[in-house]
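A.B. asks:
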Amino acid sequence: MIQLQGITKFYAGSAGRVEALSGIDLKIDPGEIFGIIGRSGAGKSTLIRCINLLERPSEGHVLVAGRDLTVLDAAALRAARHEIGMIFQHFNLLSSRTVFDNVALPLELIGMTRSAIEERVTPLLDLVGLGDHRGRYPAQLSGGQKQRVGIARALASQPKVLLCDEATSALDPETTRSILALLRDINRRLGLTVVVITHEMQVIKDLCDRVAVLDGGRIIEQGDVFSVFTQPQMALTQTLIRDVIGHETPPGLLERLSQPHLADGAALRRLFFSGQSTDAPLISELSRRFSVDINILHGQIDEIRGRPFGSLLVLAKGEAAQLEAAWAWLAERDVRVEVAHVQ
Amino acid sequence: MSSELLSLFWDSFVETLIMVGIAGGIATAVGIPLGLILSITAPGNVLERPLLNRTLGLVVNAVRSTPFIILMVAIIPLTRLITGTSIGTAAAVVPLAIAAIPFVGRLIEGALREVDAGLVEAAQAMGATPLQVVRKVLVPEALPGIINGLTIMLVNLIGFSAMAGAVGGGGLGDLGIRYGYQRFMPEVMAMVVLILIVVVQLVQTFGDVVASRVDHR
Ligand SMILES: Nc1ncnc2c1ncn2[C@@H]1O[C@H](COP(=O)(O)OP(=O)(O)O)[C@@H](O)[C@H]1O
Ligand SMILES: [Mg+2]
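From first to last, the protein sequence lines are chains A and B.
Counting in UniProt numbering, the first sequence runs from 1 upward without gaps.
Counting in UniProt numbering, the second sequence runs from 1 upward without gaps.
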């Protein structure tokens, strides 16, 4: 649906040329929710603005629905933009227009009649849950409601693609969850391709199918969200993920573990789960089968698109042979077992 | 107060209204487009035209930096060409309008600059033409500021119209000078000042009410 080919973007800064993007190649499939994550200044906004050519790339091509936008003239580009909706971190609603008229704006631009606009906008306001607020002005709405208006407005021209630039970064966690749920719902119902820019791994985890990690204007890692979360390759990706799922052992626990009486005959292991394995009662079965005592010290199991994953820090006591057999048995069930160290 | 003086007051009041009304009308009609052009042709804006922008800016600054009393005299030939005379109320309208146009232009330009660039960008992302950006986004969003600017312009014109006595324009200011100052009638001067205060107060209040009525921020 979207193809970026060799996108490079320079800005003429006061201290010489700034290369905001360097040779970005990306393919985003129809109907998927694609996330782009990176730290502040990584080039995320520049990248998403290149997709609808709000920012013209210095080099490279942008293909949306098979058409190269970089070669279009001004009128053809405007027409192409009707097929690409966009929502913004700060909503960018017109304060002079009511909720209804804000959503109607893109339709007015293409000269739709008032009655056709009414027919199009009313169900959209219902879809985003603002049917009762059509006559209000943006100043009378909460942040979450404003973003809902932004979403309805972006959908008004029935685009094939929805671009979201930090769409939830100005919202509190609860509102963020409801907006993400709405975006997922829209993606499913309308089969819309969604591109999401964020600096929060939580957003990627809750919303996206695939993810690319952007750093210094380059894509350093990409893949489906589950495998990037369970097997992150790059240090930056691991850091970003750690913010969401705490692998960090609490300091108090570390202190207790470093006391000598724990050491003898006990093995400290970290068990990594991914996929179906967390649904089975593996730990209790392990205890029964191998006569080892398992003490779960710390851990977290989370879920991505309904697939559980996570890790547990366990202290196991038993005979060495029994323990070895137990770890082998777990490995057969796709549980990765690592020796955990207490420093 | 004699009835003769009363009718003088009335006539002067009407002259002031005519000068301010017509000059203000012209300044609005020309100054708003001027302000729009100044704004949208500036670097980084929807219809970037650096050369046109700089040239217009120079002309605007030149007119604005000319003292009104000199401007009035300097454009007498133009005034005569337009009104057929160089003295009288109609003749005073021309320099008043010419002084007010660039002033309004700058005020409108300033009001448009206050519009969040993100709104323009959102409209462009929807596929709006530059003209649509102006009509659907810039002007409606800047409307409270535009109305404030026009109010300031009217209040200034009321003050400047007092100077129009220099070209025989009449009006309240002229009445105050001729009777209150030259004929030693301080009560006329006081009355003129009082009327002007009330008129300015009314204009300002009306402007504020309209501006807040259209402001939904
Ligand atoms: N209009 C601009 N002019 C100059 N430099 C810019 C401009 N926009 C962005 N940059 C620079 O490009 C880099 C990437 O910016 P941006 O895309 O906004 O990053 P992000 O959205 O990931 O925080 C930064 O170094 C930023 O300073
Ligand atoms: Mg950004």
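The C-beta atom is built at its ideal place from N, Cα and C for all residues, glycine as well.
(1) Classify ILE301(A): buried if its beta carbon has 16 or more other beta carbons within 10 angstroms, exposed otherwise.
(2) Going by beta carbon distance, what residues of the same chain come within less than 6 angstroms of LEU47(B), once the five residues before and after it are set aside?
(3) If we count the other Cβ atoms within 10 Å of its Cβ and call it buried at 16 or more, is GLY25(B) buried or exposed?
(4) Identify which residue in VAL244(A), ASP209(A), LEU313(A) and ARG269(A) has its Cα closest to the Cα of ILE36(A).
(5) Return the residue from the list MET189(B), GLY171(B) and PRO186(B) that minimises the CA-CA distance to VAL20(B).
(6) Answer yes or no: does any C-beta atom of chain A fall closer than 9 angstroms to that of LEU36(B)?
(7) Is ASN187(A) close to chain B, meaning its C-beta is less than 9 angstroms from at least one C-beta of that chain?
(8) Go ahead and label ASP126(B) buried or exposed: buried means 16 or more other beta carbons lie within 10 angstroms of its beta carbon, across all protein chains shown.
(9) Starting from GLN201(B), follow the beta strand (DSSP E) in both directions and report where the run begins and ends.
(10) Closer than 8 angstroms to a non-hydrogen atom of ligand 1 - does that hold for the CB of GLY41(A)?
(11) Let me know if ARG67(A) comes out buried or exposed under the rule of 16 or more other beta-carbons within 10 Å of its beta-carbon.
(12) Does the pairing of the region 135-148 of chain A with the region 91-99 of chain A give three or more beta-carbon distances under 8 angstroms?
(13) Just checking LYS9(A) against ligand 2 - is the residue's beta carbon closer than 8 angstroms to any of the ligand's heavy atoms?
(14) Spell out a yes or no on whether the region 116-135 of chain A and the region 148-162 of chain A are touching, meaning 3 or more CB-CB pairs, one atom from each, closer than 8 angstroms.
(15) Could you work out which residue in VAL196(A), LEU54(A), LEU236(A) and LYS9(A) is closest to ILE28(A) when comparing CA atoms only?
(16) Note down, in chain order, every chain B residue with its Cβ under 8 angstroms from the Cβ of GLU108(A).
(17) Here's a check: name, in chain order, each residue in its chain whose Cβ is nearer than 6 angstroms to the Cβ of LEU310(A), leaving out the five neighbours to either side.
(18) Please identify the residue among GLU119(A), LEU268(A), SER157(A) and ALA79(A) whose C-alpha is closest to the C-alpha of LEU254(A).
(19) Could you name the residues of chain A that THR41(B) contacts, counting a contact when the two beta carbons are closer than 9 angstroms?
(20) What first and last residue would you give for the alpha helix (DSSP H) that runs through THR230(A)?
(21) In chain order, what residues of the same chain lie with their CB nearer than 6 angstroms to the CB of ASN53(B), ignoring the 5 residues before and after it?
(22) Is any heavy atom in ligand 1 found nearer than 8 angstroms to the beta carbon of VAL18(A)?
(23) Quick one: give me the first and last residue of the alpha helix (DSSP H) that GLY145(B) is part of.
(24) VAL104(B) and THR28(B): beta carbons closer than 9 angstroms?
(25) What residues in its chain sit with their C-beta under 8 angstroms from that of LEU94(A), if we drop five residues either side in the sequence?
(26) Taking 8 angstroms as the cut-off, does the region 203-217 of chain B touch the region 53-66 of chain B (at least 3 CB pairs, one atom from each stretch)?
(27) CB of ASP215(A) to nearest heavy atom of ligand 2: below 8 angstroms?
(28) Can you grab the Cα-Cα spacing for the pair ASP208(B) / GLY118(B), in whole Å?
(29) Of all Cβ atoms in chain B, is any one closer than 9 angstroms to the Cβ of LEU93(A)?
(30) Does DSSP classify GLU19(A) as helix, strand or coil?
(31) Under a Cβ-count criterion, where at least 16 other Cβ atoms within 10 Å of its own Cβ denotes burial, should TRP10(B) be classed as buried or exposed?
(32) Note down, in chain order, each residue of its chain lying with its Cβ closer than 6 angstroms to the Cβ of PHE34(A), except the 5 sequence neighbours on either side.
(33) Exposed or buried, THR239(A), counting other C-beta atoms within 10 Å across all chains shown (16 or more means buried)?
(34) With DSSP run on the structure shown, which of helix, strand or coil describes ILE87(A)?
(35) State yes or no: is the C-beta of GLU319(A) nearer than 8 angstroms to some heavy atom of ligand 2?
(36) Rounded to a whole number of angstroms, what is the C-alpha to C-alpha distance between VAL203(A) and LEU36(B)?
C.D. replies: On the basis of the data shown:
(1) exposed
(2) ILE40, THR41 and PRO130
(3) exposed
(4) ASP209(A)
(5) GLY171(B)
(6) no
(7) Not one chain B Cβ lies under 9 angstroms of ASN187(A).
(8) Strictly speaking, residue 126(B) in this sequence is Met, with Asp absent from that position. MET126(B) comes out buried.
(9) Not the beta strand (DSSP E): GLN201(B) falls in the alpha helix (DSSP H), residues 186-214.
(10) Yes; taking the cut-off as 8 angstroms, the Cβ of GLY41(A) has a heavy atom of ligand 1 nearer than that.
(11) exposed
(12) yes
(13) For ligand 2, not one heavy atom lies less than 8 angstroms from the Cβ of LYS9(A).
(14) yes
(15) VAL196(A)
(16) LYS136
(17) A small fix is needed here, since residue 310(A) is Gly in this sequence, not Leu. Cβ within range, chain order: PHE273, GLN300, ILE301 and ASP302.
(18) LEU268(A) is the residue among GLU119(A), LEU268(A), SER157(A) and ALA79(A) whose C-alpha sits nearest the C-alpha of LEU254(A).
(19) In chain order: nothing, as chain A lies at least about 17 angstroms away.
(20) 225-230
(21) THR41 and ALA42
(22) yes
(23) 139-161
(24) Annotated as proximal: VAL104(B) and THR28(B), with beta-carbon spacing under 9 angstroms.
(25) Closer than 8 angstroms at the Cβ level, and outside the excluded window around LEU94(A), lie ASP101, ASN102, LEU105 and PRO138.
(26) no
(27) no
(28) Computed Cα separation, rounded: 27 angstroms.
(29) Taking CB atoms only, LEU93(A) has a neighbour in chain B less than 9 angstroms away.
(30) Strand, per DSSP.
(31) exposed
(32) ILE28, VAL195 and ARG210
(33) exposed
(34) strand
(35) no
(36) 41 angstroms
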